[in-house]
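These notes are about the structure you will find just below.
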Amino acid sequence: MTDTSTRLPRVRASELVGRGWLNTGGRDVTLADLRGKIVLLDFWTFCCVNCLHVLDELRELEEEYRDVLVVVGVHSPKFVHEADPVALAAAVDRYEVHHPVLDDPDLTTWSAYSARAWPTLVVVDPEGYIVAHMAGEGHKNNLAVLVRELVAEHEAKGTLHRGDGPYVPPPAAETTLRFPAKAIRLPDGHLLVADAGHHSLAELAEDGETLVRRIGTGERGLRDGAPDEARFSEPNGLALVPDHLRETLGYDVVVADTVNHALRGVRLSDGAVRTLAGNGQQSMVGAADNVVDGYDAVPEGVLHTGPAQATKLSSPWDVVWFAPLASFVVAMAGNHTLWTFDPEAGVVAHLAGTMNEGLLDGPVEDAWFAQTSGLAVGGDGRLWLADSEVSALRWVDSAPGTADLAVGTAVGAGLFDFGHRDGAADQALLQHPLGVAVLPDGSVAIADTYNGAVRRYAPGADGGPGEVTTVARDLAEPSGLLVEVHDDGAVDLLVVESAAHRLTRLRLPARLAGELLDRGAHRTQRPVSEVGSGEVRLDVVFTPATGQKYDDRYGPSTRLQVSSTPPELLLDGAGDDVPLERVLRINPDVAEGVLHVTAQAASCDADPAVEFPACHLNQQDWGVPVRVVDGGPAVLALPLHG
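Position in the sequence shown (first residue = 1) + 5 = my numbering.
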């Protein structure tokens with residue numbers, strides 16, 4: 006049994022309060038209804054890729070302990086769109102959430118449980134007491150150990166009640182497409198759609214509606230083979246292989262198979278599927294086993310490389326051929342980076358991003374991204390990015406006067422600023438865009454997903470900021486765009502309306518100006534933590550699970566990075582170091598701001614007799630809004646695991 010000193014003090018769990026419930030057949034659920042069960046509260050928001058990772062981590066745990074464990078999703082939104090109950094219901098359906106979900110748009114229950122980050126997990130024992138509070142992903146092993154201990158403890162006490170929980174599955178809707186993500190036009194004129202909700206690819210006739218064939222069984226999984234044998238798991242991105250490589254490579258399309266953490270290849274002649282990169286396991290930031298041992302060919306200018314099929318990836322969301330590098334570029338949304346895949350060499354390489362989540366321009370090795378989810382290449386060779394969590398349109402191109410690649414931002418202000426505002430690009434706002442496409446005149450169309458709109462960015466003359474306009478409104482979560490130019494010069498935009506389960510064709514006007522709208526600016530609203538000016542001790546709390554110890558085999562087992570917005574908030578304490586505690590010096594002349602904290606802690610089996618110990622990396626990014634007050638708290642504690 007776990008030493009009780011590692012458990013939280015016996016504190017009663019707060020009641021679950023929100024706007025309503027999903028997946029309960031219309032019933033409200035109270036803690037009294039759950040007495041006798043182990044309850045796992047999952048505080049999530051559906052924009053957050055780390056939250057989606059946790060949903061997948063929990064599936065096996067839910068199934069194994071379904072008669073004693075009740076997972077309750079507490080949906081606490083970041084973006085305005087996520088507070089829409091219709092959008093939430095669609096997300097619960099889209100991501101196959103098979104447990105009750107509390108709609109908490111005002112963050113009432115979030116605040117009651119002192120959540121500070123997405124995702125946050127809280128475990129409540131069968132008697133209604135909180136026994137664990139942890140943030141971030143990678144806790145599957147710790148949770149399994151804790152659940153086993155709680156089952157043994159409360160079965161012995163007679164306080165564990167076995168049986169079904171309150172989950173009631175919603176009725177299933179039958180549609181040809183289900184939450185489609187991206188689409189491409191095939192050489193024969195047909196359309197290939199990443200049909201994420203059906204875990205397959207749908208080939209449609211030229212009309213964009215008639216199903217020609219389906220590639221994949223429709224069951225979630227990772228399996229190669231013929232189209233009626235292959236399996237995908239929420240595929241998103243698609244890219245055609247260049248003509249000159251198709252015969253050599255033996256496949257015609259590359260698929261970003263997101264939840265499988267893999268790239269797949271599809272041969273159109275017979276629909277055969279093969280795995281090109283990734284091994285089905287998620288790469289975790291800082292983990293030592295992301296690449297097999299013995300591979301050390303690191304090309305100059307890239308951060309990391311490995312044999313494609315032996316390297317772990319992290320939620321690849323889109324893929325595009327990038328001629329300047331003679332490789333595919335992959336939007337690795339799960340760890341906020343860009344990678345390349347060289348199909349001839351069979352190698353993947355880390356191209357850009359530090360794995361920190363945020364908006365920071367500059368050389369590719371120093372840039373910060375945030376769940377990049379859409380890619381497109383312009384006629385001038387510039388790579389455009391829909392960087393979703395910072396609600397930004399960004400680009401990668403050669404730095405002026407050099408051959409070195411650099412990152413820039415055309416539209417976007419950061420992690421917590423979003424909205425629907427047109428006009429000068431340096432003042433314009435988007436809301437969680439997922440797709441991007443380059444129009445014939447060199448301007449860029451943006452699938453502005455959470456605004457339900459298509460926006461257009463026109464670069465400015467002589468280095469000016471450019472302009473953003475709205476091309477189309479009232480769309481249902483547009484996530485992908487396909488530009489089609491007709492012989493008469495007319496331009497169509499094929500929009501993947503994900504939440505409407507369809508493709509929609511827009512005829513663009515001859516002059517692509519669009520309209521100027523201002524529907525307001527927003528900031529993510531979360532409870533603000535008060536801190537005192539002067540010295541404040543930041544303490545990230547982590548305790549390895551039972552039978553595990555800190556993993557120092559490959560260097561320090563912990564890492565803590567701290568920065569702030571505005572930078573002037575911190576007089577001292579910013580930067581990257583090993584210990585999970587640090588003394589910050591808060592500027593008394595800055596009234597409020599956000600502390601950005603990234604923590605990692607690695608642990609593995611403590612038994613020396615185990616030849617190949619199981620190891621785990623716990624990680625989390627926090628953006629903690631703070632208000633500086635005289636005499637405020639001198640300690641800020643963040644639970645990574647406890």
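Glycine is no exception: its CB is placed at the ideal position from the N, C-alpha and C atoms.
Burial state of residue i, where buried means 16 or more other Cβ atoms lie within 10 Å
| i | result |
| --- | --- |
| Ser378 | buried |
| Thr310 | buried |
| Met6 | Residue placement at Met6 is flagged as unreliable, the pLDDT there being 31, under the threshold of 50; the coordinate-derived value follows with that caveat. Counting Cβ neighbours within 10 Å, Met6 comes out exposed, since fewer than 16 surround it. |
| Val533 | exposed |
| Thr548 | buried |
| Leu216 | exposed |
| Ser274 | exposed |
| Arg17 | exposed |
| Val73 | buried |
| Val91 | exposed |
| Val640 | exposed |
| Ala328 | exposed |
| Arg167 | exposed |
| Val297 | With a pLDDT of 41 at Val297, under the threshold of 50, the predicted position of this residue should be treated as unreliable, and no value is reported. |
| Pro593 | exposed |
| Thr345 | buried |
Contact test: residue i Cβ vs the ligand MN heavy atom, cutoff 8 Å
| i | result |
| --- | --- |
| Gly78 | Only the bare structure without any ligand can be found here, which leaves the ligand MN out of the picture. |
Beta-bridge pairing of residue i - partner residues as DSSP gives them
| i | result |
| --- | --- |
| Met139 | Leu126 |
| Ser569 | Leu600 |
| Pro483 | Glu502 |
| Val382 | Leu388 |
| Trp326 | Phe333 |
| Glu472 | Ala429 and Ala463 |
| Lys554 | Cys609 |
| Pro312 | Val352 |
| Pro438 | Partner(s): none; Pro438 has no beta bridge. |
| Asn623 | Ala606 |
| Tyr134 | Arg17 |
| Phe346 | Phe333 and Val353 |
| Leu206 | Ala199 and Ile220 |
Own chain residues within Cβ distance below 8 Å of residue i, not counting five before or after
| i | result |
| --- | --- |
| Ser238 | His204, Arg225, Gly226, Leu227, Asp262, Thr263, Val264 and Asn265 |
| Val595 | Pro571, Glu573, Leu574 and Val633 |
| Asp108 | Gly23, Arg24, Gly25, Trp26, Leu27, His80, Pro90 and Leu93 |
Secondary structure of residue i, DSSP reduced to three states
| i | result |
| --- | --- |
| His144 | coil |
| Leu60 | helix |
| Pro82 | coil |
| Pro90 | helix |
| His645 | Looking at the sequence provided, one finds Leu at residue 645 rather than His. Of the three classes helix, strand and coil, the one that applies to Leu645 here is coil, per DSSP. |
| Val583 | coil |
| Ser319 | coil |
| Asn241 | strand |
| Ser274 | coil |
| His266 | coil |
| His249 | helix |
| Glu540 | strand |
| His195 | coil |
| Ser119 | coil |
| Arg524 | strand |
| Val640 | strand |
| Ser393 | helix |
| Arg153 | helix |
| Thr414 | strand |
| Asn456 | helix |
| Leu576 | strand |
| Val97 | helix |
| Asp402 | strand |
| Asp635 | coil |
| Thr180 | coil |
| Thr164 | coil |
| Gly367 | strand |
Residues of its chain near residue i, where Cβ-Cβ distance is below 6 Å and the 5 sequence neighbours each way are ignored
| i | result |
| --- | --- |
| Val395 | Leu364, Ala375, Gly417, Gly419 and Leu420 |
| Asp62 | One point to set straight first is that residue 62 is Glu, not Asp, in the sequence displayed. Here the set comprises Lys145. |
| Glu142 | Asn55, His58 and Val59 |
| Arg566 | Looking at the sequence itself, residue 566 is Gln, so the reference to Arg does not match. Contacts found: Asp581 and Thr603. |
Sequence-distant residues of its chain with Cβ nearer than 7 Å to residue i (five each side left out)
| i | result |
| --- | --- |
| Val369 | Leu356, Ala357, Val401, Leu410, Ala411 and Val412 |
| Gly598 | Ser569, Thr570, Pro571, Leu574 and Val631 |
| Gly223 | His203, His204 and Ser205 |
**Study point:** Cβ contact check for the segment 403-420 and the segment 452-459: 3 or more pairs under 8 Å
**Key:** no
Check your understanding: Between the segment 243-263 and the segment 188-207, do at least 3 Cβ pairs fall closer than 8 Å?
Key -> yes
Review point. With a cut-off of 8 Å, do at least 3 Cβ pairs link the segment 586-603 to the segment 503-512?
Key: no
Point to revise | contact_flag[the segment 74-82, the segment 39-58] where n(CB pairs < 8 Å) is 3 or more | key: yes
Exercise for review: Evaluate the contact criterion for the segment 97-116 versus the segment 167-179: three or more CB pairs, one atom per stretch, below 8 Å.
Suggested key: yes
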